[in-house]
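Have a look at the structure below, then the notes.
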Amino acid sequence: MDIQRQYPYLCNVPSGALRNELHKRHSPTFPPEGAAALTPHASRVPNPYVNKGTAYSVEEREAQGLAGLVPPCVETLELQARRVLAHVRSHSNMLDKYVYLENLHNVNVTLFYKVLLDNTVELLPVLYTPTVGEACQRFGQIFRNLAGLYISMDERGRIHEVLDNWLETPDIIVVTDGGRILGLGDLGNNGMGIPIGKLHLYVAGGGFNPAKTLPIQLDTGCDVPAVVYDPMYLGTRIPRVKGKEHEELVDEFMEAVAKKWPKCIIQFEDFQSEYALKYLERYRRKYIHFNDDVQGTAAVVTTGFINGMKAQGTCITEAKVVMFGAGSSAVGVSTYLMEAMVMAGLSKEEARLRVYMVDTKGLITTTRGDKLNEWKQQFARTDGAPELRTLLEVVKYVRPHALFGLTGAGPSFTKEVVEELVNGCPRPLIFPLSNPTSKAEITVHNAVEWSDGKCLFAAGSPQPNVEHKGKTVYASQCNNMLIFPGVGMGSKLSGAREITDNMLLAAAYAVSDFVDARDIEAGRLYPTLDHLRDIGEVITRAVWLQAEKDGVATVPPPPGGERSTVIKAVAYSPTYAVEQPKHEIPPILRSSLTFKSTGYTYGERCRASILGLMPPAVETIETQVERVMSQVRSYDKMLQKYTCLQTLFNNNANLFFKVLLSNIRELLPILYTPTVGEACQKFGEIYRTMQGMFISVKDKGRIARVLDNWESEPEIIVVTDGGRILGLGDLGAGGMGIPIGKLHLYCAGGGFHPDAALPIQLDLGCDTESVVNADHYLGVRCPRIKGKEHEELVDEFMEAVAKKWPKCIIQFEDFQSEYALKYLERYRRKYIHFNDDVQGTAAVVTTGFINGMKAQGTKLSDAKIVMFGAGSSAVGVSTYLTEALVRAGLSKVSPASPERLLEPVDHGG
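All residue numbers for the sequence shown refer to my numbering, where the first residue is 424 and numbers rise by one.
Rendered as structure tokens:
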């Protein structure tokens, strides 16, 4: 190659420096501040809120300039959903399933919610409890995508500026400070997984539009050294702020949200008990605010309590309850249980005395001798109850109808406690409510065994039903997800100016009534989660009505009181049939080639108006590489590693190539042979997002117009027709994996810039029935075109490329032998063209041959060769070996000519 002619800007560079200059052409480092966002289709991440992937119709592709940018096949949303579900199920590890689904959410929001709503029971344990607990603990290790806002102590006095960087008006915010994540304690900035997961449920259960939801992490520090000093931690590495400092930040946050988005609901989540209760009282009448740990937990437990008393045949006014735990959730539950008893006819004082609260020191009484906070004082015994130090002593004394656990301390309902429960009540309620499952007070198996199958059981995280002595004991799930989605939507539709306790209790009774009497008698105290959206609609209506009764609704009732019609009409439905709101994303975050993720400095974030859109930590690209390699190595299967890396390439190409170049020996077998073969065979199954161009037989006569949709100028194109992929045969459009992988090597080994590298699949049909008839095949379902038809289309392609990009190199790859050799001869002098199967293979084999002869001590002129094979690669290799022998001094016409020393052998001999 004449370097100085192709790169005129190098004309004045001394020849000895050319190599170094070329190496600088693409170095995978963070681009400088102000680097222009690159072209729309070569490097831009599709807007996930409107992306349809392979479901764009032919007309949409034409109108939006997408022709050629997605595979030729036009798929339905349902077929896409089947692909996703199959991929989820291919993972055995729950956290891997979680990561895959969150990556999908980052690419195609509609498809994500289609899959979730159609498979709620299967996927809720993946996206929320119990898996979300592990996701939070490992948030820094698994971090891939931006979601929501992060507000740290550095933003004090300017929180309104951070909110201004969010370009959509939210209907609902879920915010945490990470102070008490589930039963896992202080996880600091890692707590962001909870608001993200919670808002998935607001969409799935309540019908909120995902573009109108906003997860927020208040990074107020962390007091757990193991969290803060993790090299992958993405928060500020400071001790957790407390007291006045904490309150001032949260006050500023609430004021800023209310000023910018006055109709937005603000739900607090997983604050430490002291702040959860304090802020609930401070904000509940000033803003549209509730705390799900306190009120949502209280409401859903009240549902189970009501139905549990029905199953027992116990009048609520006669019920006695032991609450093991005295944090914010326990206080909230106890308060709502009291309210239920009052609604059943007891006075407040009578109801209060039927709730026995137990903390780490035993039964809480006014005579215990220790200082009680104001929340415990509400439930301290004043009736002369004895000083009881253990849960077992309390259960023996009270003989309760129900035992609730909200300690987060793990197994604590012992065999003796359960046996004593049964002695006092024939069908006691046993509710271990701490999440995740590892923190639950008892397992369903132990509860059933120790109660001899007599207990009525519900837990915060899913547990299996248990067969005992020929009878099924049901493990109901007592999870807030049954309550808060409908509470949120009911508050929104009623225009509630505050969210009252009565609205939450209305939700509790609505869920209670949703359960059939026969199910209650059988021990099913809660509805199953496959009815989550139906439950949400019932709660929405009940909360809306209660808001009107409480005088806090600001929206007039619909004509004729048709609330159900309105609820169904406004509920988000994941479909491509209607245009979805387009949540705007700053352009700087949509180019995979300028995107830095956590690598932006604080100054860059401020100047680019992206402050808050990523975790507070400012990381080097080397730290990001460590995270990626940890993720890659966590997978057992090579194809999972491959898809992990391809997802990274689509999101952050600079980081991808930094990872590749830093770990070239480890990653080449993943990104190219042998794994790329399996990737091609399963291309339709693992497909996620647009990459490169597809030109099909249907584009004949208009190839130039299709190429116009690629707006960057490539320097190198790798093109295949999928006719002979490696040794796997005709894979049709599945062959696209080869040009993609090949161009990774051009960039890594040759220094080409990723934006100047274009993979192209010529989809000319496929003759392999098992490929073309597969559900998820993404190409044109027709027999492979041949002969003149094939040549005309390839001729048109080459002419169109040369006209549009005259300096572009065009490398052919994995064409069938007949076409590989024919096109090489046809195009090699007309275009900047070569065929790697023929010439590249020939060159690299010749290298080995030359060095092999050196190792043997054999002169090239004495060498004799047998070539077993007669395809295009074999012909190319034989030609180059012949040339090597000629260069060694042999004549093509001598008795020892190269042709005579090289014996070609095919299957016929």
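Just so it is clear, CB atoms sit at the ideal spot from N, CA and C, and this is done for glycine as well.
Per the Cβ contact rule, the stretch 583 to 591 is not in contact with the stretch 525 to 537 (fewer than 3 Cβ pairs under 8 Å). No residue range can be given for Y1200, since it is assigned to no beta strand (DSSP E) and is classified by DSSP as neither H nor E. Following the DSSP letters along the chain, one finds I574 inside the beta strand (DSSP E) bounded by residues L572 to S575. Residue environment: P1137 is assigned as buried (16 or more neighbouring CB atoms within 10 Å of its CB, all protein chains considered). Distance from the Cα of Y1254 is smallest, within the candidate group G1158, A1223, S1240 and T1264, for A1223. Residue burial is scored here from C-beta neighbours: R956 has at least 16 other C-beta atoms within 10 angstroms and is therefore classed as buried.
In this chain, S1193 is not harboured by any beta strand (DSSP E); it is covered by the alpha helix (DSSP H) spanning E1192 to V1195. Taking 4 residues as the minimum length, the alpha helix (DSSP H) runs contained wholly in the stretch 841 to 891 are 867 to 873, in order along the chain. The Cβ atoms of P633 and Y551 do not sit closer than 8 Å to each other. Beta-bridge partners of M746 (DSSP): M780 and F827. Excluding its 5 nearest sequence neighbours in each direction, L760 has C-beta neighbours in its own chain below 7 Å: T725, F728, V744 and V778, listed in chain order. Here T895 is bridged, per DSSP, to E890. In the structure shown, the three-state DSSP call for A1180 is strand.
DSSP, read as helix, strand or coil, puts H712 in strand. Taken through DSSP and simplified to helix, strand or coil, H1256 comes out as strand. In this structure, G1164 keeps its C-beta atom at 8 Å or more from the C-beta atom of G1155. In the structure shown, D1059 falls within a coil segment according to DSSP collapsed to helix, strand and coil. Under the three-state reduction of DSSP output, G918 falls in the coil class, being neither helix nor strand. Residue pairing by DSSP puts I595 in a beta bridge opposite T636 and I688.
For the alpha helix (DSSP H) assignment, the uninterrupted runs of no fewer than 4 residues enclosed by the stretch 1040 to 1125 are, from N- to C-terminal side, 1044 to 1056, 1061 to 1074, 1076 to 1085, 1087 to 1094, 1098 to 1104 and 1106 to 1109.
Buried is the label assigned to Y1065, since at least 16 other Cβ atoms lie within 10 Å of its Cβ.
The residue among N888, F880, G918 and L916 with its C-alpha nearest the C-alpha of C901 is F880. The three-state secondary structure of Q564, taken from DSSP, is helix. Here G785 is bridged, per DSSP, to D782. Taking C-alpha positions only, D600 is separated from D693 by approximately 7 Å. In the structure shown, the three-state DSSP call for S1296 is helix. Burial check for R512: the Cβ neighbour count within 10 Å stays below 16, so the residue is exposed. Taking one beta carbon from each stretch, the stretch 697 to 705 and the stretch 901 to 911 have fewer than 3 pairs nearer than 8 Å; the two do not touch. Apart from the 5 residues on each side of it in sequence, E797 has no Cβ closer than 6 Å to any other Cβ in its chain. For T1143, the enclosing beta strand (DSSP E) has its first and last residue at I1139 to T1143. Between R603 and the set M746, S575, S752 and G620, the nearest pair of CA atoms involves S752. The way I'd put it, the stretch 923 to 931 doesn't touch the stretch 605 to 615; fewer than three beta-carbon pairs between them come closer than 8 Å. By the neighbour-count criterion, in which a residue is buried when 16 or more other Cβ atoms sit within 10 angstroms of its Cβ, S914 is buried. With a 10 Å radius around the Cβ and a threshold of 16 neighbouring Cβ atoms, R1147 comes out buried. The continuous alpha helix (DSSP H) containing I582 extends over residues I582 to D587. When beta bridges are read from the DSSP output, Q900 appears opposite A882.
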